[in-house]
Amino acid sequence: MRKSITMLLSLMFVTSALLTACGNNNNAGNNGEAAATNSGTAATNAPATEEPVNTEPFEMTIRHTQVGADKQKRLAILEDVVGKVQEEVPGLTFKLDGVDSDVNRKEKLRGEMAAGNPPEIFDLFGSPDSKIYAKEGKLLDLTPILEELGIKDKFSNLDPFTYEGKIYGLPIGGSGEGFFYNKEYYASKGWKAPTTFAELEQQLADIKADGKVPMAGASKAGWVPLMLANHLWSRYAGPDVTAKFATGEAKWNDPNVVKGFAKYKEWVDKGYFKKGELGFEYAEYTTQFTSGEAILMYDGTWKSSVFKAGQSGEGLIGKVGFFNIPAVEGGVGDQTALMRDVNNGYGFSASAGEDERQLAAVKSFIKNMYNEEMQLRGLVEDGVLPAMKIDQAVLNKNITDDLMSEIVAVLNSSESSFPAFDSLVQADVTTEISNIQIQKLIGGQTTPEKMGEALQKVQEEANAAVE
Amino acid sequence: MNKALRNPLVFILFVIPALTLFFVFFIYPIFSSIYYSFTSWNGVSDTVKYTGLDNFKKALGDDRFWVSVKNNGWFILFSVFIQVPLIVFFSLLIANVKKLKGLYKTAVFMPSIMSTAVIGILWGFIYEPNIGLFNKLLGLFGVEPIYWLSDERFAMLSILITNAWQWTGFYIVMVLAAILSIPSELDEAAAIDGATGFQRATRITLPLIVPIISVVIMLSIAGAMKAADIVIVMTKGGPAGSTEVMATYMIKYAITNFKYGYGNTIAVLIFVFTLVVTALYQLLFNRRSERIEY
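Quick mapping for you: the protein sequence lines, in order, are chains V and R.
Heads up: the first sequence begins at 631 in the numbering used here, then just goes up one per residue.
Heads up: the second sequence begins at 932 in the numbering used here, then just goes up one per residue.
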């Protein structure tokens, strides 16, 4: 008897669970049908020329990398755009998901792409990432949207986001890399920004002799020292050398490239960077400069946002200058070339194109984010160079602070530019140089020659793996 | 009810939910991982190319991978030969204090409930070359600053110390529970017979807590094999890959480089190595520990 009751109870439990699940499905189905019927009715009642507006709530996620105190202004710009888009698209609520830039690029987004569930809008690195995702159909083709909005030709360079003639992402801004320097210190020494490489090296030696740290250093993440190292090897071997590694036209162990590594190593050995730099995070890099401990800081123009009211470098407002690396003796190619990138921007999930309302939200986002007003806000408030073509007169009118004027003057005085290595070589090579080789060089565990050989080996393997 | 459960149909009905979860979250990922470990796949593409044992050959001949294996080995050795003796020592001390035992237990347990990120940052301050506690103390004896996290001679040791600090308290509480469950009559009888505190600890308490020490060692080994978070927070595997462990190697070189197939190979190797190490430990040591009955 007890056995029968237990059996009966078990069956009832399983059956009720199944019925509940079916019930839910049916309800969902019924709701869906009801919604369809309602919308059908609405469509019937509505004027024949106008589509009914679907105001049912829906949510989309924006993955951004505007985290931390120094990116508050950029976050404010994004929030303003979000507000406008939500007003324009009925029912839409954006969920903002802030993630550290490196984590988003190298781990989180890649994992989501693999799992097939990236956010609808996300911070996207141009080359090579966007091309890999585009090839696999993970990104929304923006070409028709840009044509519809009439802004396809308004960008200064969309190459990093273009794959087989179609555009899969939009750069939020541009950047150039050079030396920020402490003008107050320079004035106290009666110096000016160096115009020759010898003058720069003399200043570094003098700063060291003065008991100060010549250059900020924080190499826990390899990309930080590689900004300067990249510029140095491009001075010695030519601005176009890095682009030739992946095609096999140039080699990492080219004597001129090695000269660049050797110069970096020489500066490390002379104690021009803060000791123990391999243990410091990027945030510490800025602090060394803003605290006055380091006199120079090689960084991207985005860093100018720090020297604004309310930011961590507020105390240095009006006391910071910017210069390009002077020409090196015997260097190959244009010696005014500057490392410039338009490789950071927004991409959109291909799935957003399959839903009409999400597509409308994407269009609205692009329209509100990519216009002259927002580009100028990015420049003025956040120190990010515009990614869109803006009339020089308008630019001049909007640039009011000395540092940004100086940066623009440096950018204008360079005759050519080259992108950073990580947009030109394969991910394996980037990992090798960022995580191993540059740190080995700084730590004295390798020589510039061995570094060149090791990188070339990885490069050849990566080149051979291209299908 | 017991009779009902002997009915195969009822038994299966009750077991199905748990089995489903086990299959979906454990068995399927393992087999999926094993499948992809034999492929060349970038993780994004729909095309998965079967490459046989290529990934395994590559991993076994990959110097960086073996550096990470060696570092996992350091975690195990440090846990077993330094951390566990300290755990036993402190447990014995705390078990014998008469006052504020609760305070000591709470104090040692505290690090275990803190997140690894917080601990990493906290110890980052302690290891700071210029103003960090360690170098300040060493400075009192005229020792030059040590670059704990940026010098490859010290980076791994620094991580091991921090990791040990984080988990020692957790294990102390376990061992302490075992010590306190030993009937006090045994200790009292030995004391009456004239045994010293040291003798009582080594001849009575220690032999009686061998089973729990064995569990602690087992858990330490398993923990050592999956260590990753503390490394990511403290050194990111640097300088120059010197503190890389198998899990961080898998993330850095497989996922970051768009080599999911290879990443899965590393995952399978971690699984196999963990299985081998724990099985060896079970065979060589754990089977010898006998059931304790009072």
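For every residue, glycine included, the Cβ atom is placed at its ideal position computed from N, Cα and C.
How many Å lie between residue i and residue j at the Cα?
i	j	result
LYS1183/R	ILE1148/R	29 angstroms
ALA651/V	PRO948/R	Its pLDDT being 42, under 50, ALA651/V is placed unreliably by the model, and nothing is read from it.
ILE1052/R	TYR1058/R	10 angstroms
GLN918/V	GLY906/V	13 angstroms
ALA678/V	VAL1038/V	Note that ALA678/V scores a pLDDT of 46, beneath 50, so its modelled location is shaky and nothing firm can be said.
LEU1139/R	SER1043/R	26 angstroms
ILE1050/R	VAL843/V	30 angstroms
LEU862/V	TRP882/V	13 angstroms
PHE1216/R	ALA1109/R	19 angstroms
LEU991/R	GLU831/V	46 angstroms
LYS1029/R	VAL1039/R	17 angstroms
ALA1185/R	ILE947/V	43 angstroms
ARG1131/R	GLU1075/R	44 angstroms
LEU952/R	TYR959/R	10 angstroms
LYS768/V	ALA876/V	24 angstroms
PRO790/V	SER1053/V	8 angstroms
GLU1045/V	PRO869/V	11 angstroms
What residue does the beta strand (DSSP E) around residue i start on, and which one ends it?
i	result
ASN974/V	974 to 978
VAL843/V	843 to 845
VAL998/R	From DSSP, VAL998/R is part of no beta strand (DSSP E) but of the alpha helix (DSSP H) over 994 to 1009.
To which residues does DSSP link residue i through a beta bridge?
i	result
ARG1134/R	None, per the DSSP bridge assignment.
GLU807/V	GLY930/V
TYR981/R	THR970/R
ASP971/V	SER805/V
LYS1098/V	Since the displayed chain V opens at 631 and closes at 1097, residue 1098/V lies outside it and no answer follows.
GLU689/V	THR723/V
PHE1065/R	DSSP lists no partner for PHE1065/R.
ALA924/V	VAL843/V
LEU1111/R	Beta-bridge pairing links LEU1111/R to no other residue.
LEU754/V	GLY975/V
VAL950/V	ASN812/V
LEU1015/V	GLY804/V
LEU769/V	SER979/V
Can you tell me where the alpha helix (DSSP H) holding residue i begins and where it ends?
i	result
LYS725/V	That residue, LYS725/V, is in no alpha helix (DSSP H); its beta strand (DSSP E) goes 722 to 728.
THR897/R	Residue 897/R lies beyond the stretch modelled for chain R, which goes from 932 to 1225, so this question has no answer here.
PRO1042/R	1032 to 1044
GLY1051/R	1047 to 1057
PHE1051/V	Neither: PHE1051/V is in no alpha helix (DSSP H) and is coded neither H nor E.
VAL1088/V	1078 to 1095
PHE1021/R	1015 to 1027
TYR1000/V	Segment: none, TYR1000/V is in no alpha helix (DSSP H) and carries neither H nor E.
PRO885/V	885 to 899
MET743/V	739 to 745
LYS1183/R	Here LYS1183/R belongs to no alpha helix (DSSP H), and DSSP marks it neither H nor E.
GLY713/V	702 to 718
GLY943/V	Element bounds for GLY943/V: n/a, residue is neither H nor E.
ASN734/V	That residue, ASN734/V, is in no alpha helix (DSSP H); it is neither H nor E in DSSP.
Taking 8 angstroms as the threshold (beta carbon to beta carbon), is residue i in contact with chain V?
i	result
THR1187/R	yes
GLY1125/R	no
LEU1091/R	no
SER1043/R	no
LYS988/R	no
TYR1078/R	yes
LYS1032/R	no
SER976/R	yes
TYR981/R	no
8 angstroms is my cut-off, CB to CB: does residue i come that close to chain R?
i	result
ASP710/V	no
GLU984/V	no
GLU766/V	yes
ILE762/V	yes
GLN1185/V	With chain V running from 631 to 1097 in the structure shown, residue 1185/V is simply not present.
MET743/V	yes
THR1061/V	yes
GLU794/V	no
ALA651/V	A caution first: ALA651/V carries a pLDDT of 42, below 50, which makes its placement in the model too unreliable to give a value.
LEU770/V	no
ARG740/V	yes
GLU907/V	yes
ILE1066/V	yes
Using a Cβ-Cβ cut-off of 8 angstroms, state whether residue i counts as contacting chain B.
i	result
LYS1157/R	The structure shown contains no chain B; its protein chains are V and R.
Exercise. Entirely within the region 937 to 970 of chain R and at least 4 residues each: give me those alpha helix (DSSP H) ranges in chain order.
Key: 939 to 953 and 959 to 968
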